[in-house]
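Numbering (the working numbering), first residue to last: 1 to 339. All remarks here apply to the structure that follows.
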């Protein structure tokens, strides 16, 4: 993807990272048209709620209406309302183990269902078309949205269940350790360059899944490009580490599993060992730890418990207070007598 990493369209980047997987791809204009339609729906919601399109908080409040509830939208041409279904979480194969397209925004646009990879990316695409400032944030095997209001207050939005959550809740529920948090490996906003690197990482995984390759010259080219923009991108580091570890294991087997002190006798084995060790150390420094399937399942269940719902309600009420203030300001401006 030949894109300026400091200034690029996330919509275009997502499209370019997904389309190589399809034998018959959609045109970019078709892809963007659906995004633009959702952005227009947000504008309708803003108008119905009496909110200003120039407020970043108001924009996010309205975008979240698409994820969190059914919406009655007025058709101004026919002067009637119609009900718009909410964007939903897809509980079937959320990690794309059986169908890689489950990871795609394209699939989400076609079915109105997505998961923790595609839902935040769609949110970013809609935000881009509205001029709203939003950021992708990561946790182990997961991603979500962060944004700020006009006063600089940070909000965390969980697209999988359409609720605002606190950083403390994310720390406790998403398998983030203190090292990863301190190093900003997780729960921090991705800069433009890091987001670009993440899109390249999506392209890398798409390429490997499509062609069923573990590592080749194109994979290496992509990984080098990713790490140039983000030296601690975990997707790139782990793909490279897996390759080095596999290479080392095959060489060790072919040479009868010599002891480490004898590796110097086999230069290719020594090199493979050193490469695997260095890359693994680079991953360890980030604070990354693998999230076991049982932990992910536990996290999914936690979204349903009453304690979590009460927490989400509290976070939402804080935002609603700010929204009511914005509505009052907008109402006073609208009803201000003309001189």
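Just so it is clear, CB atoms sit at the ideal spot from N, CA and C, and this is done for glycine as well.
Status (buried if at least 16 other CB within 10 Å, exposed otherwise) for residue i
| i | result |
| --- | --- |
| residue 373 | As displayed, the chain neither begins before 1 nor continues past 339, which places residue 373 out of reach and without an answer. |
| residue 64 | buried |
| residue 268 | exposed |
| residue 99 | exposed |
| residue 104 | buried |
| residue 293 | exposed |
| residue 114 | buried |
| residue 333 | exposed |
| residue 23 | exposed |
| residue 38 | buried |
| residue 278 | exposed |
| residue 91 | exposed |
| residue 130 | buried |
| residue 223 | buried |
| residue 229 | buried |
| residue 151 | exposed |
| residue 317 | exposed |
| residue 221 | exposed |
| residue 321 | exposed |
Close Cβ partners of residue i (< 7 Å) along its chain, the five nearest in sequence each way excluded
| i | result |
| --- | --- |
| residue 112 | 85, 87 and 88 |
| residue 124 | 10, 134 and 136 |
| residue 238 | 283 |
| residue 280 | 241 |
| residue 167 | 156 and 187 |
| residue 45 | 62, 65 and 71 |
| residue 35 | 11, 125, 126 and 129 |
| residue 210 | 20 and 21 |
| residue 251 | 268, 269 and 272 |
| residue 183 | 286 and 287 |
| residue 5 | 192, 193, 196 and 229 |
Same chain, Cβ closer than 8 Å to residue i, neighbours up to 5 away in sequence not counted
| i | result |
| --- | --- |
| residue 330 | 50, 51 and 52 |
| residue 190 | 135, 136, 137, 138 and 198 |
| residue 233 | 194, 197, 198, 201, 226 and 227 |
| residue 67 | 86, 87, 119, 123, 159 and 162 |
| residue 366 | Given a span of 1 to 339 for the chain in the structure shown, any question on residue 366 remains unanswerable. |
| residue 41 | 66, 71, 73 and 84 |
| residue 213 | 207 and 219 |
| residue 17 | 1, 199, 200, 202, 203 and 206 |
| residue 326 | 51, 52, 55, 57 and 58 |
| residue 255 | 266 and 269 |
| residue 82 | 72, 73 and 75 |
Enclosing alpha helix (DSSP H) for residue i [first to last residue]
| i | result |
| --- | --- |
| residue 60 | 56-68 |
| residue 270 | 267-286 |
| residue 243 | 234-254 |
| residue 48 | 28-49 |
| residue 17 | 10-18 |
Contact check, residue i vs residue j, beta carbons under 9 Å
| i | j | result |
| --- | --- | --- |
| residue 247 | residue 282 | no |
| residue 311 | residue 169 | yes |
| residue 287 | residue 217 | no |
| residue 147 | residue 71 | no |
| residue 253 | residue 20 | no |
| residue 319 | residue 77 | no |
| residue 192 | residue 8 | yes |
| residue 260 | residue 244 | no |
| residue 323 | residue 132 | no |
| residue 204 | residue 235 | yes |
| residue 108 | residue 143 | no |
| residue 106 | residue 28 | no |
Endpoints, beta strand (DSSP E) assigned at residue i
| i | result |
| --- | --- |
| residue 72 | 71-75 |
| residue 80 | 80-84 |
Same chain only: Cβ atoms within 6 Å of residue i, ignoring 5 sequence neighbours per side
| i | result |
| --- | --- |
| residue 208 | none |
| residue 69 | 86 |
| residue 291 | 140, 141 and 175 |
| residue 102 | 93 and 96 |
| residue 185 | 286 and 287 |
| residue 295 | 175 |
Whole beta strand (DSSP E) runs in the segment 200-226 with 3 or more residues, listed along the chain?
Qualifying beta strand (DSSP E) stretches: none in this window.
In chain order, which beta strand (DSSP E) runs of at least 3 residues are fully inside the segment 111-198?
Restricted to the segment 111-198, the beta strand (DSSP E) segments that are unbroken, complete and at least 3 residues in length are 135-139, 142-148, 154-158 and 163-165, listed in chain order.
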